[in-house]
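Going by the numbering used here, the first residue of the sequence shown is number 347, and it counts up by one from there.
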Amino acid sequence: MERLDLKLSTHFPKIELTDNCLFLGSCFSEEIGKRFQQNKLNTMINPFGVLFHPEAIVRLIHRAMNDLFFEASDFFEFQDYWFNYELGSSLARFTKEEAVNDANNKLLELKAFLLRCNRLFLTLGSSVERKFRGEVVASCHKQPQTLFKRSITSSREIVKKLKQCIGLIVKANPKIKVYLTISPVRHVKESLIDNQISKAELLIAAKHLTRLEANIEYLPIYEYVIDCLRDYSFFNDDFVHPNTKAVDKIWKKIKEGLITQNLIELICELEGLNRSLNHKPLFPRSSANKQFLNSILVVIDKIERKYIVDLSQEKEQVSTCLKNLV
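Okay, here's the thing in structure tokens:
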């Protein structure tokens, strides 16, 4: 079947195995970040949970870079857990002390990673904002909507906040390269009309930012999904989240356009290794399976020596299987 196509390209040096990659933003950033992580790149993914609105991302980066730690008064109790409107629900904890400590430790981890990482992927999910006491929240945490004031943030305001934020990062870490993406996930709870308006503000902001800053690049993943993969076979049953087949195609585009040939070759070998590791033998105690497992160890050793990559977890997995055969 013929389709529209779109190539990803970059004016940055292509991504290598030695790069440190940080993914912040929507749930879609986690999908792509996991692919980098699975292929042995040093990767941090959404330490504060999923963040849809640009302001939520900017505020946490600002906190981390300026050592503005959370206090107990920043948290509230709901259904026996402690939440914070600046954080995703995954950061909720059973005690207030644990919630504060974990959030502040995450700030320290984020700052340390920002100072050494050279690839920052920001995936903007929505420009629909909800404000509590004048501040945009990262999550409503299932609180009554009457507590929040809803509106759509303008592209001008998004540009202003992101420009300041990225400038702060670049000043501390001049080697960093920033990739802006827009999440292709449709926010239908906001209505399809408001979802389109929301995405439009994000797209306009992204365009302006790439014109303003040489170290910011826009990746048209949103356009690839919406225009090139435009049928429901590429979406989950909810019709809004791209499915594994779609993410596979996006990952292929990223490999072709953004990644060095040497890293692509490693990824191909790791994909073959993972297929072997996921193999379910019909007769696990047979000599043939033992021979197969030993052959995997040989492959692991070969990949480690060829690419200088740590496959100790995979090696331990195979060794455990061999021990269980005795």
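Even glycine gets a Cβ: it sits at the ideal position worked out from N, Cα and C.
Pair within 8 Å by beta-carbon distance, residue i and residue j
i      : j      : result
Leu354 : Cys574 : no
Tyr431 : Val483 : yes
Ile361 : Arg465 : yes
Ile596 : Ile378 : yes
Thr389 : Glu563 : no
Val655 : Lys380 : no
Val586 : Val664 : no
Leu508 : Ala551 : yes
Gly471 : Ser372 : yes
Cys367 : Phe467 : yes
Leu657 : Glu650 : yes
Asn450 : Phe429 : no
Extent of the continuous beta strand (DSSP E) run through residue i
i      : result
Arg476 : 474 to 478
Leu470 : 465 to 470
Lys523 : 523 to 528
Glu432 : That residue, Glu432, is in no beta strand (DSSP E); it is neither H nor E in DSSP.
Glu563 : 562 to 564
Asn388 : 388 to 391
Buried or exposed (CB count within 10 angstroms, at least 16 for buried), residue i
i      : result
Phe421 : buried
Ser641 : exposed
Val644 : exposed
Arg409 : buried
Ser501 : buried
Cys511 : buried
Arg405 : buried
Lys652 : exposed
Lys495 : exposed
Ile539 : exposed
Phe374 : buried
Ala518 : exposed
Ser579 : exposed
Phe629 : exposed
For residue i, the first and last residue of its enclosing alpha helix (DSSP H)
i      : result
Phe374 : 373 to 384
Ile610 : 607 to 623
His533 : No alpha helix (DSSP H) holds His533; DSSP gives it neither H nor E.
Leu555 : 538 to 558
Simplified DSSP state of residue i, which is helix, strand or coil
i      : result
Lys495 : strand
Pro400 : helix
Lys488 : coil
Phe421 : coil
Asn635 : helix
Glu650 : helix
Arg439 : strand
Val482 : strand
Leu370 : strand
Whole-Å CB distance - residue i paired with residue j, under 8 Å assumed
i      : j      : result
Leu454 : Phe478 : That pair is no contact at about 26 Å.
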